[in-house]
Amino acid sequence: MNDNPKTHAHLDDIERRGRSIPVREHFGISAFGVNAFTPNEEGTLINDHDEAGSGQEELYVVLDGSATFEVDGETFEALAGTFVAVRPESRRKATGTGTVLALGGKPGEAYQALDWGEAWPFHEESLTAYREQRYADAVDAVRRGLEHSPDQPGLNFNYACFSSLAGEIDDRTFNHLRRSVELFPPFREQARRDDDFAAVRHDPRFEEALR
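FYI, in our numbering the residues of the sequence shown are 29 to 239.
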């Protein structure tokens, strides 16, 4: 939690991380997930994904401009002031010109915050490579991030994910997975549901890392 909590801010007052606006970290919020997003050069606001792995329900709010959402194959326009509620298993994506606020949490469980802090540039670089299916490059970005922030939970988890996808599977894959769970216990169940681990799920080291 932020020792000096902020009470108010305009969108323009919050430091940008690429097209991400880290609202939750700015205010030191720990009870629920909340961030805002602006479009990239191709107009992407929300990347194509689901939250089956995390189990999170999400609510999107179009703050300004407009967005075109696609949820489970249904496409619709969302002007400023529109709310879009999405179940964990639903595929969703959005494009447009506006700013979208995203709020999320898993039903029945207390929210646990995961801050990126100084590791954010490495995380952003690795996710770009991941989305482009350049998994070896994603591993490299995470590896460099871990040199700076060895105890960052997300970097440890993503190292295991991306190395599995890249076929760079060795003891380090499972050591980083184990460390991610030690640092951030929600990763335990997320790993069991995450398709990125398909190549290693039947390896006995996988479950050992999650104990």
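Cβ atoms here follow ideal geometry from the backbone N, Cα and C, with glycine treated the same way.
Find the nearest neighbour of P114 within the set G83, D199, A226, judged by alpha-carbon distance. Here residue 114 corresponds to residue number 86 of the sequence shown, with the count starting at 1. It is Val, not Pro, that sits at residue 114 in the sequence shown. It is G83 whose Cα lies nearest to the Cα of V114.
With contact counted as at least three CB pairs below 8 Å, one residue from each stretch, are the segment 130-145 and the segment 180-198 in contact? They touch, by the three-pair rule.
Between the C-alpha atoms of T110 and V90, what's the straight-line distance to the nearest angstrom? Numbered from its first residue, the sequence shown carries residue 110 at position 82. Numbered from its first residue, the sequence shown carries residue 90 at position 62. Looking at the two C-alpha atoms, the distance is approximately 5 Å.
Whole-number beta carbon distance between S94 and G126, since they are thought to touch under 8 Å: For the purposes of this step, residue 126 is taken as residue 98 along the sequence shown, with counting starting at 1. For the purposes of this step, residue 94 is taken as residue 66 along the sequence shown, with counting starting at 1. In this structure G126 is in contact with S94, their Cβ atoms being roughly 5 Å apart against a cut-off of 8 Å.
Give me the Cβ distance between R120 and I74, rounded to the nearest whole Å; I'm assuming they're in contact under 8 Å. Residue numbering aside, residue 120 sits at position 92 when the sequence shown is read from its first letter. Residue numbering aside, residue 74 sits at position 46 when the sequence shown is read from its first letter. Your pair R120 and I74 checks out as a contact, with CB atoms roughly 6 Å apart and the cut at 8 Å.
Separation of L39 from D76, as counted between CA atoms: Taking the sequence shown and counting its residues from 1, one reaches residue 76 at position 48. Taking the sequence shown and counting its residues from 1, one reaches residue 39 at position 11. Their backbone Cα atoms lie some 24 Å apart in a straight line.
Per DSSP, what kind of secondary structure is A227 in: helix, strand or coil? The residue labelled residue 227 in the question sits at position 199 within the sequence shown. In this structure, A227 counts as coil in the three-state DSSP scheme.
With C-beta atoms as the reference, is R47 less than 7 Å away from N63? Against the sequence shown, residue 47 aligns to sequence position 19. Against the sequence shown, residue 63 aligns to sequence position 35. Not in contact: R47 and N63 (Cβ atoms no closer than 7 Å).
Rounded straight-line distance, which links the Cα of A59 to that of M29: Position 1 of the sequence shown holds residue 29. Position 31 of the sequence shown holds residue 59. With a pLDDT of only 45 at M29, under the threshold of 50, the placement of this residue in the model should not be trusted; the figure read from the coordinates follows. Between the C-alpha atoms of M29 and A59 there is a straight-line separation of about 10 Å.
Coarse secondary structure for A169, derived from DSSP in three states: Residue 169 sits at position 141 when you count from the first residue of the sequence shown. In this structure, A169 counts as helix in the three-state DSSP scheme.
Report the residue from G81, L174, F65, S154 whose alpha carbon sits nearest the alpha carbon of T123. Within the sequence shown, the letter at position 95 stands for residue 123. Taking only the C-alpha atoms, the option nearest T123 is F65.
Could you pull out every residue in the same chain whose Cβ sits closer than 8 Å to the Cβ of I57, ignoring the five residues on either side in sequence? As a first step, residue 57 must be located in the sequence shown, where it is residue number 29. Correct list, in chain order: V51, A141.
Check each candidate in L131, R229, E175 and name the one with the smallest Cα separation from N79. As a first step, residue 79 must be located in the sequence shown, where it is residue number 51. Looking at the sequence provided, one finds Glu at residue 79 rather than Asn. Proximity to E79 across L131, R229, E175 peaks at L131, based on C-alpha coordinates.
Sorted by chain position, which residues of the same chain lie with C-beta nearer than 6 Å to H151's C-beta, five sequence neighbours on each side aside? Reading the sequence shown from its first residue, position 123 is the one you call residue 151. Same-chain partners within the cutoff: W144.
Would you give the residue range spanned by the alpha helix (DSSP H) that T156 belongs to? Sequence index remark: in the sequence shown, residue 156 carries index 128 (1-based). Note, T156: alpha helix (DSSP H), 148-159.
Which partner residues does S94 have in the DSSP bridge list? Position 66 of the sequence shown holds residue 94. Its beta-bridge partners are L107.
Contact defined as beta carbons within less than 8 Å: I believe R233 pairs with F190. What is the distance between those atoms, to the nearest angstrom? Numbered from 1 along the sequence shown, position 205 holds the residue referred to as residue 233. Numbered from 1 along the sequence shown, position 162 holds the residue referred to as residue 190. Cβ-Cβ separation between R233 and F190: approximately 17 Å, too far for a contact (criterion under 8 Å).
Here's a check: name, in chain order, each residue in its chain whose Cβ is nearer than 6 Å to the Cβ of Y187, leaving out the five neighbours to either side. Translated into positions along the sequence shown, residue 187 becomes position 159. In its chain, beyond the 5 residues on either side, V170, H204 have a beta carbon closer than 6 Å to the beta carbon of Y187.
From E105, E85, T96, A164, pick the residue whose C-alpha is nearest to that of P135; which is it? Stepping through the sequence shown from its first residue, residue 135 is reached at position 107. Taking only the C-alpha atoms, the option nearest P135 is E85.
When you compare only the Cα positions, how much space is there between D223 and G81? Position 195 of the sequence shown, counting from 1, holds the residue named residue 223. Position 53 of the sequence shown, counting from 1, holds the residue named residue 81. Cα-Cα distance, rounded: 8 Å.
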